[in-house]
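Asker: Below is one structure. I have some questions about it.
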Amino acid sequence: MTYESPTAEDFAFDARVLDESPEGSPPRVGVELANVADHGVSVSGGATFPFTQYSSTDGALALVPDDREHVFPVDGDSLIPGSRDGCWELGANVAVESIGFQQSLAPGERVSTKFSVLASSSAPCPGPGSYRFEKDVSDVTLSFTVERAEDGSITDASGSV
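Everything in the sequence shown is counted per the numbering used here, starting at 98 for the first residue and increasing by one.
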């Protein structure tokens, strides 16, 4: 099979809420990239393919991936130390190994990753509203938005290319 460089039309990108409740553990979201083209595509990405941008565009929220093989806290602190006054807050700065992955996706093939959603350690607990995350993958911009409620839960998530 021949793999081509992708265009935005070759992909579908979606996000969904996995666990909206802020009690006991932080809210979680999953993102998924699918090849919707009739040909294979070759995609470049980082440590947690397909999405390796861990801060919202405004810096208020942070993502901590479930797969932390190449992601770890600076100074050995815990990335998810616990809730403080009902606010799940990032416990340390996130260090990411500077690596790149090349992955080939056949027609219809999907790749996904999961994240905990926390308040950034550099901001007070964010209020309710929409928060956006963006990342360029092989010259295609992937983005998703989460809706945060007053109690810190994530009530909706959606993605786009």
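A virtual CB, placed ideally from N, CA and C, is assigned to each residue, including glycine.
Only a predicted model underlies this, so the values are computations on that prediction, with no experimental measurement involved.
(1) The beta strand (DSSP E) with V138 in it runs from where to where?
(2) Whose C-alpha, out of T242, P204 and P178, is nearest the C-alpha of A121?
(3) Between the alpha carbons of D233 and I196, how many angstroms are there, rounded?
(4) If we count the other Cβ atoms within 10 Å of its Cβ and call it buried at 16 or more, is S217 buried or exposed?
(5) Report buried or exposed for S175, applying the criterion of at least 16 other Cβ atoms within 10 angstroms of its Cβ.
(6) What are the partner residues of F198, as DSSP defines its beta bridges?
(7) Could you check which residue in G224, F108, P103 and L158 has the C-alpha nearest to that of G256?
(8) Here's a check: name, in chain order, each residue in its chain whose Cβ is nearer than 7 Å to the Cβ of T145, leaving out the five neighbours to either side.
(9) Alpha carbon to alpha carbon, what distance is there between V243 and S113?
Answerer: According to the data block:
(1) Your numbering for residue 138 matches position 41 in the sequence shown. Residues G137 to G142.
(2) The residue labelled residue 121 in the question sits at position 24 within the sequence shown. According to the sequence displayed, residue 121 carries Gly and not Ala. Among T242, P204 and P178, the Cα nearest to that of G121 is on P178.
(3) For the purposes of this step, residue 233 is identified with residue 136 of the sequence shown, where counting begins at 1. For the purposes of this step, residue 196 is identified with residue 99 of the sequence shown, where counting begins at 1. D233 and I196: Cα-Cα distance of roughly 15 Å.
(4) As a working note, residue 217 is residue 120 in the sequence shown. Counting Cβ neighbours within 10 Å, S217 comes out buried, since at least 16 surround it.
(5) Walking along the sequence shown from the start, residue 175 turns up at place 78. Burial call: exposed.
(6) Position 101 of the sequence shown holds residue 198. Per DSSP, G142.
(7) Taking the sequence shown and counting its residues from 1, one reaches residue 256 at position 159. The candidate whose alpha carbon is nearest that of G256 is F108.
(8) Locating residue 145 in the sequence shown gives position 48, where the first residue counts as 1. Within the same chain, T145 has close Cβ partners P162, D164, V168 and T210.
(9) Locating residue 113 in the sequence shown gives position 16, counting from the first residue. Locating residue 243 in the sequence shown gives position 146, counting from the first residue. Per the sequence shown, the amino acid found at residue 113 is Arg instead of Ser. Each residue's Cα considered, the two are about 9 Å apart.
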